[in-house]
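Below is one structure, written out as structure tokens, with a few remarks after it.
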Amino acid sequence: MNTSIELPATNDPSAEPREEPRAGEAEFLAVFEQSAVGMVQVSAKTGRFVRVNAKYCELTGYVAEELAGMTPAELTHADDRDADAGAFGSLLRGEVLFYDVEKRYVRKDGGIIRARENATLLRDADGRAVGSMAVIQDITARKQAEEMLHTTETRYRRLFEAAKDGILILDGQTGRITDANPYILEALGLTRAETLGRELWEIGVFADATASRAAMTELQERGYVRYGDLPLESKAGERREVEVVANVYQEGGHRVIQCNIRDITERKRAEQELRLLNRAIAASDAGVFLVDPYLPDFPVVFASEGFERMTGYTAAEALGRNCRFLQGSKTDAAAVDRLREAVHAHRPIRLTLLNYRKDGTPFWSDVAVSPVTGPEGRVTHLVGIQNDVSAQYELQASLQASMDRLALGVKVAGFAIAEVDYATGLNHLTAGAARAFGLGETSMEVTRATVHATFHPDDREELSRRIADSLDPAGPGLFAMDHRVVWPGGEVRWLTVRKQVFFTDDGPSRRPHRGVLAVLDVTDRKQAEARLQQLAADLSEAGRRKDEFLATLAHELRNPLAPIRTGLEVMRMSPAGDPAVVKAREMMERQLGHMVRLVDDLMDASRINSGKVELKREKLLIRTVVDHAVEASRSLIEAGGHAFTITVADEPAWVDGDLTRLAQVVSNLLNNAAKYTPNGGRITLLARVEGDKVVIEVADTGTGISADMLPEVFDMFAQVDRTLGRAQGGLGIGLSLVKTILEMHGGTITATSPGLGLGSNFAARLPLAATDRLPEPATASANETPAPRPAGRRVLVVDDNVDGAESLAMLLGLSGHEARAVHDGPAALAAALDVAPEIVFLDIGLPGMSGYDVAKRFRADATLAGAVLVALTGWGSEDDRRKSKEAGFDHHLTKPVNFEQVQALLCGL
Ligand code: ADP
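Using the working numbering, you'd call the opening residue of the sequence shown number 55 and step up by one each time.
Shown next, in the form of structure tokens:
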């Protein structure tokens, strides 16, 4: 290659003749040629290269021959040409003696090199500028290195500026801050000026100077320190958790500390949150598990403590297995299919499934499986949350079963169903219910208000009350009422409504949740009931009137009986006459006795029926009762010519009862036995103790009672055979009285008969009286002493029944008394003043002035006050006796009076 020593002359006529090198020049040329840097000589006159060395050729990629005739400008980068030309011009003009520029050369191959060029002016011997001599140094590599450094520095600076960590640069010697990035400044709330030159503790990184310097010492010793969590307080007082990493390094013979400060507040919080979440999952009763959907067979990769508790499997046992180990023979296969399908599709699903614990016991698991997605939205896991709902499930099932049963029962009963949802206030009516309320013909959903609007105005108040009661969470939630509704056309219908309200869970927030309502239209039944009630009312009214009629009838019958009895008595006391008359009188006496019994029965029947009879109870020996009854019935039994035996157990048997009434009972039974036994039969009376009862049995050998009639003989007016009974003249009242009186005493009566013609047996049972403090049995002898005949008395008889009054007065006269009869009150008072009676038999039912009024007048008059007043009346109830006593009467006798009673009273005067 051609070295660039002296360039060959060009053809250019303007080219300067090359000057020959002068002495010493040879050495210069040698240096020139061999220089490690490029060297050129440029002519001032032509501006072209005069001389180039080999290095320059190497730098520019041209050979010396090519450079001959070229100017440096041609090799200079277009952007640098002006500056280059300017510098060269200044040199030639002598303005500068040399220049030193950096410029770019464009190599022959187009490559660009960076060069440093030092040019010096060349002069001739006369001192005229002839050219320049320049040394060209390739600084491309250095420049690139510089640029690289610059780039790196900028890059790091940018990092420093933009870092999301705080960075502090400290002087290794003093520990003072020399640089701080914006992040830390912002975190601290400080300006650069406030930060630079400070020590760490002064900006709040360490608590105080001691701590800060201790850290610094440690750092100096080890070259590196790391603090996991330091509290950092900003200027505004905001606290953060930071992590500090500090390094010491050398920088140009200088120790520098770099502190990286990372805000870990968020990370700490997240860590805390995670720990809390873990604890919460562990504490929860729910079983939580995670499944990896990318591993074959979807294995469990996490199982919570709740899962362990619920299933009895440890997490270790569950991990790596598909959840199907919880399923068993009775698990619903279709549900499992649904679950698997959803899981494979990463779709959320929730269902209730029968699962089995490790020990084999089944439980109902409510399980919800949902996909878990990562930050990029991709499903990473499936999370399952399961709860043991066995209790609710079984409750629900039994509730459902009972609802089904209820629904069936209700359907069978013909009820229509409605359901009330208290949360929404809506009623779901079936077609039947809608019809019942008159709201339509099809099933429907209406508000509660719509249903309430159908209520009949008169029933509303009670309905609201009862509905409110049924909604009381403390109550049983039941509603039952028959009420009316008004149909749209105005028709009033009766509904039977039953409702069961179901409440939400127990506890203070327990409230109505749902109600099941059964409704039945009972209008027809109600109407029938109303008719029946009217009928019953009519019947009882008729019954009452009948009782009243019987009472009046009996009373009215007694009035005419009184004079007949007294008349017969008069006849008996008259001198004996014709035997036929005597026979007739005796017959009349018997028939009168019979008639009095009938009237008495009638009277009793009506009074017992209307509850007017009061018992005068006392401790009685059953023998006394039997004696009285036998006494009353003896004539009838004897008249029938019956053989009569009485057996009373030896031991004294006491009852607590009304002697008259009980004697009436036994006497009735004896009378019946006598009546319904053909003449010459046998009648037995047996009284004995049986357990805590006294039994009085009356048996006969009479007509007997057929089995079908037996249960009816105790009914009022019941007679087995009217034609048969006629001869004995019964009313069918006796046994009914017997039964009622016994029942009033806590006793019973039963009738048995082997059949018609085979006799009857009546057994009355009475409770035995408690045997403490019993009275001494009265001796019969005292009673049997014949009554003494009374001496003559002044007697006044007052009765509007003229016959009654006259006959009694006549009888009294025959008995040796001075008797006078009057027929009304005023006459009575007048007569009384006249005769000053010792005793007055005074009828109560007098016309105009009643017996009571007369009695009061007697009592008010001093001259009459001493008279004994005896009420003489058809009315004999307790009430009647009380009234007569109040009016001033001393005694009360019911008609027709027995003359013996009258005698007894007269004797008592
Ligand atoms: P009555 O006034 O008809 O006797 P009761 O009430 O005393 O009424 O008796 C009702 C009916 O029972 C009688 O009519 C009679 O047919 C029947 N009866 C009562 N006692 C006897 C008896 N001892 N033997 C047969 N029948 C009797």
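In this text, a Cβ means the ideal position worked out from N, Cα and C, and glycines have one as well.
Since we're looking at a predicted model, the values are computed, not measured.
Could you check where the alpha helix (DSSP H) with Met-364 kicks off and where it finishes?
-> The residue labelled residue 364 in the question sits at position 310 within the sequence shown. It spans 359-365 - the alpha helix (DSSP H) in which Met-364 sits, taken as one unbroken run.
How many whole angstroms separate the CB atoms of Ser-497 and Ala-488, which I take to be in contact at a CB cut-off of 8 Å?
-> Residue 497 sits at position 443 when you count from the first residue of the sequence shown. Residue 488 sits at position 434 when you count from the first residue of the sequence shown. Indeed they touch by this definition, with Cβ atoms about 6 Å apart.
From Thr-948 to Ile-898, what does the alpha carbon distance come to, in whole angstroms?
-> As a working note, residue 948 is residue 894 in the sequence shown. As a working note, residue 898 is residue 844 in the sequence shown. Going by the C-alpha atoms only, they are around 11 Å apart.
Could you tell me whether the Cβ atoms of Met-798 and Ile-787 are closer together than 9 Å?
-> Reading the sequence shown from its first residue, position 744 is the one you call residue 798. Reading the sequence shown from its first residue, position 733 is the one you call residue 787. Going by C-beta atoms, Met-798 is not nearer than 9 Å to Ile-787.
Cβ contact check for the segment 650-663 and the segment 597-604: 3 or more pairs under 8 Å = yes
Note down, one range per segment and in chain order, each beta strand (DSSP E) of at least 3 residues found wholly within the segment 654-678.
-> 672-675
What is the DSSP secondary structure of Met-187, reduced to helix, strand or coil?
-> For this step, residue 187 is matched to residue 133 along the sequence shown. Here Met-187 sits in strand by DSSP.
Can the beta-carbon of Pro-738 be found closer than 9 Å to that of Phe-698?
-> Taking the first residue of the sequence shown as position 1, residue 738 is located at position 684. Taking the first residue of the sequence shown as position 1, residue 698 is located at position 644. Note on identity: in this sequence residue 738 is Thr, with Pro being the wrong assignment. The answer is yes: Cβ separation under 9 Å.
Taking the continuous alpha helix (DSSP H) assigned at Asn-725, which residues delimit it?
-> As a working note, residue 725 is residue 671 in the sequence shown. Here the alpha helix (DSSP H) through Asn-725 covers 713-729.
Express the C-alpha separation of Pro-402 and Gly-438 in angstroms, rounding to a whole number.
-> Your numbering for residue 438 matches position 384 in the sequence shown. Your numbering for residue 402 matches position 348 in the sequence shown. Distance between the alpha carbons of Gly-438 and Pro-402 is about 10 Å.
List the whole-angstrom C-beta distance separating Leu-480 from Thr-501, where the pair is believed to meet the contact cut-off of C-beta under 8 Å.
-> Counting from one through the sequence shown, the residue named residue 480 turns up at place 426. Counting from one through the sequence shown, the residue named residue 501 turns up at place 447. Sure, about 6 Å apart at Cβ, within 8 Å.
For the beta strand (DSSP E) holding Asp-475, just list the boundary residues, first then last.
-> Numbered from its first residue, the sequence shown carries residue 475 at position 421. Unbroken beta strand (DSSP E) run through Asp-475: 470-475.
Opposite Tyr-964 in the DSSP bridges: which residues?
-> Within the shown structure, residues of the chain are numbered from 55 to 963, placing residue 964 beyond reach of any answer.
Grouping DSSP H, G and I as helix and E and B as strand, with all else coil, what is His-400?
-> Taking the first residue of the sequence shown as 1, we reach residue 400 at position 346. His-400 falls in the coil class under three-state DSSP.
Heavy atom of the ligand ADP within 8 Å of Ile-787 beta-carbon = Taking the sequence shown and counting its residues from 1, the one referred to as residue 787 is at position 733. Because some heavy atom of the ligand ADP lies under 8 Å away, the Cβ of Ile-787 counts as near it: yes.
Where in the segment 508-545 do unbroken runs of the alpha helix (DSSP H), each at least 4 residues long, occur, reported from the N-terminal end onward?
-> 511-524
6 Å CB neighbourhood of Thr-174 in its chain, flanking five on each side removed | Within the sequence shown, the letter at position 120 stands for residue 174. Around Thr-174: Phe-152, Met-187.
Just curious, the beta strand (DSSP E) that Arg-158 is in, first and last residue?
-> Stepping through the sequence shown from its first residue, residue 158 is reached at position 104. Here the beta strand (DSSP E) through Arg-158 covers 152-160.
Residues in its own chain within less than 6 Å of Arg-404 by CB, not counting five upstream and five downstream?
-> In the sequence shown, residue 404 corresponds to position 350, counting from 1. These residues qualify, in order along the chain: Ala-422.
Reducing DSSP to helix, strand and coil, say where Trp-255 ends up.
-> Position 201 of the sequence shown, counted from the first residue, corresponds to residue 255. In the structure shown, Trp-255 sits in a helix (DSSP, three-state: H, G or I).
Mind reading off the beta-carbon distance from Val-684 to Ile-700? Whole number of angstroms is fine, and I expect it under 8 Å.
-> To locate residue 684, count along the sequence shown from 1; it is residue 630. To locate residue 700, count along the sequence shown from 1; it is residue 646. Indeed, because the Cβ distance is near 6 Å, the residues count as touching under 8 Å.
Ordered list of beta strand (DSSP E) runs contained in the segment 408-472, each at least 3 residues | 416-427, 433-442
Compute the beta-carbon to beta-carbon distance between Val-189 and Met-93, rounded to the nearest angstrom, for a pair I have assumed lies under 8 Å.
-> By one-based count along the sequence shown, residue 189 stands at place 135. By one-based count along the sequence shown, residue 93 stands at place 39. Indeed they touch by this definition, with Cβ atoms about 6 Å apart.
Assuming Asp-712 and Lys-670 make a contact with CB atoms under 8 Å, what is their CB distance in whole Å?
-> Taking the first residue of the sequence shown as 1, we reach residue 712 at position 658. Taking the first residue of the sequence shown as 1, we reach residue 670 at position 616. Their Cβ separation, rounded to whole angstroms, is 5 Å, which keeps Asp-712 and Lys-670 in contact under 8 Å.
Skipping 5 residues on each side, what residues in its chain have a beta carbon closer than 7 Å to that of Tyr-110?
-> In the sequence shown, counting from the first residue as 1, residue 110 sits at position 56. Hits under 7 Å: Ser-58, Gly-92, Met-93, Val-94, Ile-190.
Exposed unless 16 or more other CB atoms sit within 10 angstroms - verdict on Ser-760 | For the purposes of this step, residue 760 is identified with residue 706 of the sequence shown, where counting begins at 1. Answer is exposed; the Cβ neighbour count stays below 16.
Could you tell me whether any non-hydrogen atom of the ligand ADP is closer than 8 Å to the CB of Ile-662?
-> Reading the sequence shown from its first residue, position 608 is the one you call residue 662. No, the beta carbon of Ile-662 sits no closer than 8 Å to any heavy atom of the ligand ADP.
Could you check what DSSP says for Gly-997 in three-state terms: helix, strand or coil?
-> One cannot answer for residue 997 here, as it falls past the ends of the chain, which runs 55 to 963.
Would you kindly report the start and end of the unbroken alpha helix (DSSP H) that includes Asn-332?
-> Reading the sequence shown from its first residue, position 278 is the one you call residue 332. Where Asn-332 is concerned, the enclosing alpha helix (DSSP H) stretches over 319-337.
Could you give the distance in angstroms between the alpha-carbon of Glu-45 and the alpha-carbon of Ser-664?
-> What the structure shows of the chain is the stretch from 55 to 963, and residue 45 is not part of that stretch, so it cannot be assessed.
Of the listed residues Glu-325, Asp-475, Arg-677, Ala-387, nearest to Asp-704 (C-alpha basis) = The sequence position of residue 704 within the sequence shown is 650, counting from 1. Nearest option by C-alpha distance: Arg-677.
What separation, rounded to the nearest whole angstrom, lies between the Cα atoms of Leu-254 and Thr-208?
-> What you label residue 254 is simply residue 200 of the sequence shown in a count that begins at 1. What you label residue 208 is simply residue 154 of the sequence shown in a count that begins at 1. The alpha-carbon atoms of Leu-254 and Thr-208 are separated by roughly 26 Å.
Given a cut-off of 9 Å, decide if Ser-814 and Ala-753 are closer than it, judged by their beta-carbon atoms.
-> Looking up residue 753 in the sequence shown gives position 699. Looking up residue 814 in the sequence shown gives position 760. In contact: Ala-753 and Ser-814 (Cβ atoms closer than 9 Å).
Outcome for Arg-329 when other beta-carbon atoms lying within 10 angstroms are tallied against a minimum of 16 | Here residue 329 refers to the residue found at position 275 when the sequence shown is read from its first residue. Exposed is the call here.
Going by the C-beta, is Val-956 closer than 8 Å to any heavy atom of the ligand ADP?
-> Position 902 of the sequence shown, counted from the start, is the residue given in the question as residue 956. For the ligand ADP, not one heavy atom lies less than 8 Å from the Cβ of Val-956.
Touching by the beta-carbon criterion (3+ pairs, under 8 Å), the segment 357-375 and the segment 387-394 = no
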